[in-house]
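Novice: Here it is, the structure, as structure tokens.
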Amino acid sequence: MIAKQGRVIKNYMGYYYVDVGNNEIVTCKVKGKMKQNRFSLFTGDFVRLEINGTEGMITEILPRKNFLLRPNVANIDLVVITCAAASPDFSFLLTDKLLALAEFAKIPAVICINKIDLAPKGLIQHCQAIYEEIGYQLLPVSAQTGAGLEELLSVVTGKVTVFAGPSGVGKSSLLNAIDPKITRSVGDVSIKIGRGKHTTRFAHFLPFAEGYIVDTPGFGNVNIDEFKKELLPRCFKEFTKEAPQCRFNGCTHTHEPECAVKEALVHGEIATSRYQSYLTMKLEIETAQERGIKK
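What follows is the structure, encoded as structure tokens:
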């Protein structure tokens, strides 16, 4: 029996595929109590394992530097929040939810808008004015025409990067365009609902440019129920800049007088779409908490 360390790069049907270096991937199962908790082992985890023949047994999960839920991935360097300029339409709310999740997990994020060849007039400039102002890099790209792909490639090279976003925005198409060797099936976009079929069912790490690209299942409904509402303002960069000037500690930036965030909103220093996303997310969290109390 050989003891090694490695990184989980894929899980499927109860098996975990661990990269132990030197182009060796070991198929593993988990040992002991880890079997009882389906969320205990994430793709991206560093693990200790024992190898017997051609199979391994994961015996220990090493400490994580960070992790994301939905998709369940760990030890990430960058989140590329992938949206579409059209088909499906760009969603400020979904983009802001994904940004909040990245901020909550303390993972750097960039925004990638695909299908810019289909973009409504002024959309990209409007998004740049909102998101670049608060410190997020925005990458307008087109998997179809190749526009912007060099810059996207330079951003992800050498990093462990999660591509997160709803179905149909072209994440798999982008990965194929960046490197044709990364074979992904590209689903047709459903004309009826304007959203793509889920072409990737399980998150897994794809070796790429001295790092990994993490291709994740498409999802359109980001669940933020697990957030604590008092932590939500900290997930909006522009709020954290203004909040120290609020009259009350713990200001919710809704009804309180002398709220610096609301004053910044009035003066155009905070985008209306961002503030509306904050209110929507806050209400969703409160509603989820009320449901939990009633159970």
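What the sequence shown shows, in numbering that gives the first Met the number 0, is residues 0 to 294, in sequence order.
C-beta: ideal position from N, C-alpha, C; glycine also.
Mind pulling the beta strand (DSSP E) runs of 3 or more residues that sit fully within the region 17 to 89?
Specialist: 24 to 29, 45 to 51, 54 to 60 and 77 to 83
Novice: Please classify T271 as buried or exposed, where buried requires at least 16 neighbouring CB atoms within 10 angstroms.
Specialist: Counting from one through the sequence shown, the residue named residue 271 turns up at place 272. Classification for T271: exposed.
Novice: Taking just the CA atoms, how far does Q244 sit from G195?
Specialist: Taking the sequence shown and counting its residues from 1, one reaches residue 195 at position 196. Taking the sequence shown and counting its residues from 1, one reaches residue 244 at position 245. The predicted model places G195 with a pLDDT of 45, which falls under 50 and marks its position as unreliable, so this point remains unresolved.
Novice: When the Cβ atoms of the region 264 to 284 are set against those of the region 86 to 102, are three or more pairs found closer than 8 Å?
Specialist: yes
Novice: Based on Cα-Cα distance, which residue from R246, P256 and V260 lies nearest to R233?
Specialist: Mapped onto the sequence shown, residue 233 falls at position 234. The candidate whose alpha carbon is nearest that of R233 is V260.
Novice: Identify the residues that DSSP records as bridge partners of C111: which are they?
Specialist: Numbered from its first residue, the sequence shown carries residue 111 at position 112. Answer is T81 and L138.
Novice: Do A118 and A83 have their CB atoms nearer than 7 Å?
Specialist: Position 119 of the sequence shown holds residue 118. Position 84 of the sequence shown holds residue 83. Taking a C-beta distance under 7 Å as the contact criterion, A118 and A83 do not qualify as a contact pair.
Novice: With DSSP run on the structure shown, which of helix, strand or coil describes F204?
Specialist: The count along the sequence shown starts at 1 and reaches residue 204 at position 205. Look at F204 here: in three-state DSSP terms it is strand.
Novice: Can you list, in chain order, the residues of its chain with a C-beta nearer than 8 Å to that of K227? Leave out the 5 residues immediately preceding and following it.
Specialist: In the sequence shown, the residue the question calls residue 227 occupies position 228. Result list for K227: I284, in chain order.
Novice: Do V109 and V161 come within 7 Å of each other at the CB atom, strictly closer than that value?
Specialist: On the sequence shown, position 162 is the one that residue 161 refers to. On the sequence shown, position 110 is the one that residue 109 refers to. Between V161 and V109, the C-beta spacing is not below 7 Å.
Novice: Taking C-alpha atoms, which residue in A142, I8 and Q288 lies nearest to V72?
Specialist: Taking the first residue of the sequence shown as position 1, residue 72 is located at position 73. Each of A142, I8 and Q288 was checked against the Cα of V72, and the nearest Cα belongs to I8.
Novice: Starting from the C-beta of E102, find all residues in its chain whose C-beta is less than 8 Å away, skip the five residues before and the five after it, and write them out in chain order.
Specialist: Here residue 102 corresponds to residue number 103 of the sequence shown, with the count starting at 1. So the qualifying residues of the chain are A108, R233, C234, F235 and K236.
Novice: Please classify G5: does DSSP put it in a helix, a strand, or coil?
Specialist: For the purposes of this step, residue 5 is identified with residue 6 of the sequence shown, where counting begins at 1. Three-state DSSP puts G5 in a strand.
Novice: From what residue to what residue does the beta strand (DSSP E) around A163 run?
Specialist: In the sequence shown, residue 163 corresponds to position 164, counting from 1. Its beta strand (DSSP E) spans residues V159 to A163.
Novice: Judging by CA-CA distance, which residue of E59, E241, G52 and T42 is the nearest neighbour of M0?
Specialist: Mapped onto the sequence shown, residue 0 falls at position 1. For the residues E59, E241, G52 and T42, the minimum Cα distance to M0 belongs to G52.
Novice: Just tell me which of G167, V168 and A176 has its CA closest to the CA of L151.
Specialist: Here the question's residue 151 lines up with position 152 in the sequence shown. Of the listed residues, the one whose Cα sits closest to L151 is A176.
Novice: For the alpha helix (DSSP H) that contains C126, what are its first and last residues?
Specialist: Counted from its first residue, the sequence shown places residue 126 at position 127. Per DSSP, the unbroken alpha helix (DSSP H) holding C126 starts and ends at L122 to Y130.
Novice: According to DSSP, simplified to helix, strand and coil, what is N248?
Specialist: Within the sequence shown, residue 248 is the residue found at index 249, counting from 1. The answer is coil: DSSP assigns N248 none of H, G, I, E or B.
Novice: Note down the Cα distance separating M12 from I123, rounded to an integer number of angstroms.
Specialist: For the purposes of this step, residue 12 is identified with residue 13 of the sequence shown, where counting begins at 1. For the purposes of this step, residue 123 is identified with residue 124 of the sequence shown, where counting begins at 1. Approximately 41 Å between the Cα atoms of the pair.
Novice: Taking I106 as part of the alpha helix (DSSP H), name the residues at either end of that continuous run.
Specialist: Counted from its first residue, the sequence shown places residue 106 at position 107. Per DSSP, I106 belongs to no alpha helix (DSSP H) and is neither H nor E.
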